[in-house]
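Asker: Each number in the numbering used here corresponds to the 1-based position in the sequence shown with 25 added. Even glycine gets a Cβ: it sits at the ideal position worked out from N, Cα and C. Note that the structure is predicted; figures quoted are calculated from it, not measured.
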Amino acid sequence: MKLNFTKMHGAANDFVMIDDREGLVPWQDYVLMSLLAARRTGVGAEGIILIQQSNRADFRMRFLNPDGTEVDMCGNGARCAAWFAHKIGAAPRAMTMETSCGLLDAELMDACNVKVWMPEATARVYGMAVSVEGQQIVGDYLNTGVPHFVVRTESPETVDIETLGRAIRLHPAFAPEGVNVDFVAQREPNRLSMRTYERGVEAESGACGTGAVAAAIAAVEAHAGTLPMAVRTGGGFILTVDADWRGNRCTGLTLTGPVREVYQGCIDLAHLGSDLGAIE
Numbered sequence: 026m027k028l029n030f031t032k033m034h035g036a037a038n039d040f041v042m043i044d045d046r047e048g049l050v051p052w053q054d055y056v057l058m059s060l061l062a063a064r065r066t067g068v069g070a071e072g073i074i075l076i077q078q079s080n081r082a083d084f085r086m087r088f089l090n091p092d093g094t095e096v097d098m099c100g101n102g103a104r105c106a107a108w109f110a111h112k113i114g115a116a117p118r119a120m121t122m123e124t125s126c127g128l129l130d131a132e133l134m135d136a137c138n139v140k141v142w143m144p145e146a147t148a149r150v151y152g153m154a155v156s157v158e159g160q161q162i163v164g165d166y167l168n169t170g171v172p173h174f175v176v177r178t179e180s181p182e183t184v185d186i187e188t189l190g191r192a193i194r195l196h197p198a199f200a201p202e203g204v205n206v207d208f209v210a211q212r213e214p215n216r217l218s219m220r221t222y223e224r225g226v227e228a229e230s231g232a233c234g235t236g237a238v239a240a241a242i243a244a245v246e247a248h249a250g251t252l253p254m255a256v257r258t259g260g261g262f263i264l265t266v267d268a269d270w271r272g273n274r275c276t277g278l279t280l281t282g283p284v285r286e287v288y289q290g291c292i293d294l295a296h297l298g299s300d301l302g303a304i305e
């Protein structure tokens, strides 16, 4: 099966975008999907996004991690999905998409920037402590479509994110699903810098939209931050998180930032599958 795809990134969070409105992509074959996402032997991406038919919205966004497993939500992925869906004629400039965590609205602000109305945050636990790598780490736990643990630090740039991020991601306190880990510095009341260790990717991600939202909520609700919040990602791009302030909580959350089409291509899934026989 030859598969046409578009490679995109949202603030350095990169994705393989596929028009699957005919429902022909074998997305439930997680081994094959992981081969497609592999950087050395496939297209390479932090996620695979399928645009599918929906009877509840303009389209359905189905998101697969690079290990082939499906997850409920990806903020930057949703922004790329909105842009791509409009390009292929699946949605107008202002649209509603179906996701595994509910219906989300999105709007193309211009040729390069997309805003998504994010799910309401749940399960806030501020000042949570976990013991890892011989030290106690204090952070803020939130679920912004997927779970995040936000750790405030003076300098995210100097954190050994592969070691510490993985240790926190696998901590029993977050079992069985694990957690994404965001290392965040508050530069000003309305400006953050962050790096993210992402589960499913099992490495540092170039950016994380749901993580930017989690970090912004924690900053405003627990650490005297202000909205709108500019979040500088590990890739150097700026994401803007905004919300309404009601009942001492952030609600009506939006995530706005850049998206880019990198290239288009075609890949033969049969060749990917044949690679399995060459692995010893």
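1) What whole-angstrom Cβ distance do I76 and F88 have, given they're in contact under 8 Å?
2) Give me the DSSP bridge partner(s) of R274.
3) Measuring only the C-alpha atoms, how far is D49 from P253?
4) Using the rule of at least 16 other Cβ atoms within 10 Å of the residue's Cβ for burial, across every protein chain shown, is S180 buried or exposed?
5) What are the boundary residues of the alpha helix (DSSP H) that includes G290?
6) Entirely within the stretch 157-218 and at least 4 residues each: give me those alpha helix (DSSP H) ranges in chain order.
7) Going by alpha carbons, who is nearest to C126 out of E229, D97, G164?
8) Examine the Cβ distances between the stretch 222-234 and the stretch 29-46 and report whether three or more of them are shorter than 8 Å.
9) Quick one, which of N138, A82, D207 has its alpha-carbon nearest V175's?
10) According to DSSP, simplified to helix, strand and coil, what is E246?
11) For G203 versus T221, is the C-beta distance shorter than 7 Å?
12) Taking only the alpha-carbon atoms, compute the straight-line gap between F262 and N138 and give it to the nearest angstrom.
13) So for T258, helix, strand or coil by DSSP?
14) Return the Cβ separation of T188 and V209 in integer angstroms, given the expectation that the two are a contact with Cβ distance under 8 Å.
15) With burial defined as no fewer than 16 other Cβ atoms inside 10 Å of the residue's Cβ, what is the status of E213: buried or exposed?
16) Is it a yes or a no for the stretch 91-110 touching the stretch 242-252, going by three-plus beta-carbon pairs under 8 Å?
17) Going by DSSP, what residue range makes up the alpha helix (DSSP H) through G127?
18) At the level of alpha carbons, what is the spacing between G67 and G290?
19) Just to confirm, are T309 and N273 a CB contact at a threshold of 7 Å?
20) Can you list, in chain order, the residues of its chain with a C-beta nearer than 6 Å to that of Y151? Leave out the 5 residues immediately preceding and following it.
21) Identify, in the order they occur along the chain, each residue of the same chain with its Cβ nearer than 6 Å to the Cβ of A62, setting aside the five sequence neighbours on each side.
22) Would you mind reading off the limits of the alpha helix (DSSP H) that contains L60?
23) Can you check whether the CB of A107 is closer than 7 Å to the CB of A131?
24) Measuring CB to CB, does T276 end up less than 7 Å from T265?
25) Just to confirm before moving on: does the CB-CB distance between V157 and A192 stay below 7 Å?
26) Ends of the beta strand (DSSP E) at M29?
Answerer: Let's see:
1) About 11 Å; that fails the 8 Å criterion.
2) R271
3) Strictly speaking, residue 49 in this sequence is Leu, with Asp absent from that position. Between L49 and P253, the C-alpha separation is close to 41 Å.
4) exposed
5) Here G290 belongs to no alpha helix (DSSP H); instead the beta strand (DSSP E) covers 285-293.
6) 191-194
7) D97
8) yes
9) D207
10) helix
11) no
12) 12 Å
13) coil
14) The pair is not a contact, with the Cβ atoms about 18 Å apart (cut-off 8 Å).
15) exposed
16) no
17) From DSSP, G127 is part of no alpha helix (DSSP H) but of the beta strand (DSSP E) over 127-133.
18) 12 Å
19) It is not possible to answer for residue 309, since the shown part of the chain is limited to 26 through 305.
20) D165, A247
21) A70, I73, P91
22) 55-62
23) yes
24) no
25) yes
26) As written in the sequence, residue 29 is Asn, which differs from the Met given in the question. 27-35 is the extent of the beta strand (DSSP E) around N29.
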